[in-house]
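Structure record follows, encoded as structure tokens.
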Amino acid sequence: MTFIKRASDSRSRPRRYTWLRLLRRFRRSADGSAAIEFAILAIPYFLIVFAILETFIAFVAEQVVTSAVDTLGRNLRTGNITYNLEKSTNKTSAEFRQLFCNEISFLLKCDASEIATPNRLYLDVRSFSTFAAIPKVVTTANGSLDTTGFAYAPGGPGTINMLRAYYYWPVTTDLVRSYVATIRKPGETSNSDYLIVETTAFQSENY
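The opening position of the sequence shown corresponds to residue 1 in full-length UniProt numbering, with each subsequent residue numbered one higher.
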């Protein structure tokens, strides 16, 4: 008996083997996978990096404001800065704001317009009868900083005083804005800044 080998069988077998080899090669190939993975992860990665950097810079800004509060508070305590005492050390509210801005302007925005009209920097300098009478919390009204009770009226020798500084630090990273920008600027309806608050309380020396 004679068997006839079909030509179609000899042609289909190599073709099937070719497709199998291509399939195996495709499964083994990893060309471009790193680029695709990076494209997927790049946005959240850079958001996290920017959030870390912005948190670090905001922390530095807090330290700058703290240093300014300590410096000006010490000058008030020792009588190097006075108010309404008919002395050469007397400072008006604008002059005191200028001195404060001199301490922070290398990192924080505090120009002539800021000194004249508070937009980011708010200062509350007052005297109290006792330390217990000093406000312990940030006063707000409808989610905004309440500045109605703020004043520049430090006391004289032997008085109890408070210096509290508020500075609105701009937040650019959306990832952290909703967590840190919780108190609005006076007169604004949206939160886009982080409120830095630093306080010092002291009893002035008998200068």
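The beta-carbon is built from N, C-alpha and C at its ideal position, and this holds for glycine as well.
For residue i, which of the options has the nearest alpha-carbon?
i: Thr-182; options: Tyr-45, Ile-134, Tyr-194, Thr-159; result: Tyr-194
i: Thr-199; options: Gly-156, Gly-149, Pro-135; result: Pro-135
i: Lys-109; options: Gly-143, Phe-56, Tyr-168; result: Tyr-168
i: Thr-173; options: Ala-35, Ile-57, Phe-202; result: Ile-57
i: Ala-201; options: Ile-160, Val-180, Ser-190; result: Ile-160
i: Phe-150; options: Thr-139, Gly-143, Pro-157, Gly-156; result: Thr-139
i: Ile-81; options: Ile-115, Ser-144, Gly-156, Val-197; result: Gly-156
i: Ile-196; options: Leu-175, Tyr-83, Leu-145, Glu-86; result: Leu-145
i: Ile-52; options: Arg-184, Ser-204, Arg-177; result: Arg-177
i: Ala-116; options: Val-137, Thr-92, Ala-132; result: Thr-92
i: Leu-175; options: Ile-48, Val-60, Ile-40; result: Ile-48
Need the endpoints of the alpha helix (DSSP H) that residue i sits in, please.
i: Tyr-166; result: Unbroken run through Tyr-166 is the beta strand (DSSP E), 160 to 170; no alpha helix (DSSP H).
i: Tyr-207; result: Run containing Tyr-207: none; DSSP gives neither H nor E here.
i: Ser-178; result: 174 to 180
Which residues in the same chain have their Cβ closer than 8 Å to the Cβ of residue i, if we skip the five residues on either side of it in sequence?
i: Phe-100; result: Ala-68, Leu-72, Cys-110, Leu-121, Leu-123, Ala-165
What are the boundary residues of the beta strand (DSSP E) that includes residue i?
i: Val-197; result: 193 to 203
Taking 7 Å as the line, does the beta carbon of residue i fall inside it for any heavy atom of the ligand MN?
i: Leu-175; result: Although the ligand MN was asked about, the structure shown includes no ligands whatsoever.
To which residues of the same chain is residue i closer than 6 Å at the C-beta, ignoring the five residues directly before and after it?
i: Ala-153; result: Arg-126
Going by DSSP, what residues sit across from residue i in a beta bridge?
i: Ser-144; result: Ala-141, Arg-184
i: Ala-153; result: Arg-126
Counting only the same chain and skipping the five closest in sequence on each side, list residues whose C-beta sits under 7 Å from that of residue i.
i: Val-64; result: Ile-104, Leu-107, Leu-108
i: Thr-130; result: Ile-160
Q: Give, in chain order, every unbroken run of the alpha helix (DSSP H) that is at least 4 residues long and sits entirely within the stretch 53 to 130.
A: As far as the stretch 53 to 130 is concerned, its whole alpha helix (DSSP H) runs of at least 4 residues are 93 to 104, 112 to 116.
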